[in-house]
Amino acid sequence: MFQIPTVLCQIRPVSRALAPHVTRGYAKDVKFGANARALMLQGIDLLADAIAVTMGPKARTVIIEQSWGSPKVTKDGVTVAKSIDLRDKYKNIGAKLVQDVANNTNEEAGDGTTTATVLEHSIAKEGFEKISKGANPVEIRRGNCFIGCCWSGLLTTAEVVVTNIPKEEKDPGVGGTDGMGGGMGSGMF
1 MFQIPTVLCQ IRPVSRALAP HVTRGYAKDV KFGANARALM LQGIDLLADA IAVTMGPKAR
61 TVIIEQSWGS PKVTKDGVTV AKSIDLRDKY KNIGAKLVQD VANNTNEEAG DGTTTATVLE
121 HSIAKEGFEK ISKGANPVEI RRGNCFIGCC WSGLLTTAEV VVTNIPKEEK DPGVGGTDGM
181 GGGMGSGMF
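Numbering (UniProt numbering), first residue to last: 1 to 189.
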């Protein structure tokens, strides 16, 4: 029979003592409540702030260090999102949520990842704030808590826009000629 030398039998306990992250001999670390939400929001903030600088025509570039070759210079939000991995696992959970939004937007639309992550950042921030004030997370997920605030804001904005529209009595026309725009529209149909 083959016998394992005593030195090899001692390797596993030694390796677990030297590198506990390689072989997990402990239970999962679980956090609840405001502390967990705060850590997740820090990860969301960090990743969203890194991506937000790539938004718009005057966007700034982000330099991403790579394990091989030269650094990557980009203005693409999803590329920035994919490159970030945080050490703190709770902050990393928040960052992964933002990465999911960027990846899903990239797959569905092909663009707009930066806008989607900025929206996700503000939705998460407001949602966590509402939850800490006692709102039901399921209702927030359904959107019922935000509808009242958004709807009243939209109605106020719509009233301002409608009252400020000047009323024109005649067709302004195209290219300085009166009524040409109306004639073109009626001639097509």
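Each residue gets a CB set at the ideal place from its N, CA and C atoms; glycine is no exception.
Everything numeric in this text was worked out from a predicted model, so none of it was measured.
Excluding the five sequence neighbours on either side, which residues of its own chain have a C-beta within less than 6 Å of the C-beta of LYS89, listed in chain order? none
Just checking, does the region 43–60 make contact with the region 92–101 on the three C-beta pairs under 8 Å criterion? yes
For ASP85 and ASP29, the rounded distance between their alpha carbons: 19 Å
Can you tell me which residues form a DSSP beta bridge with VAL138? Partner(s): none; VAL138 has no beta bridge.
What residues in its chain sit with their C-beta under 6 Å from that of ARG37, if we drop five residues either side in the sequence? PHE128
Range of the contiguous alpha helix (DSSP H) that encloses LYS96: 89–108
Residue of THR54, LEU39, ASN35, PRO71 minimising C-alpha distance to THR117: THR54
Residue span of the beta strand (DSSP E) that contains THR115, given as start and end: Element bounds for THR115: not the beta strand (DSSP E) but the alpha helix (DSSP H), 113–132.
So ILE131 and ILE140 are supposed to be a Cβ contact under 8 Å. How far apart are they, rounded? 7 Å
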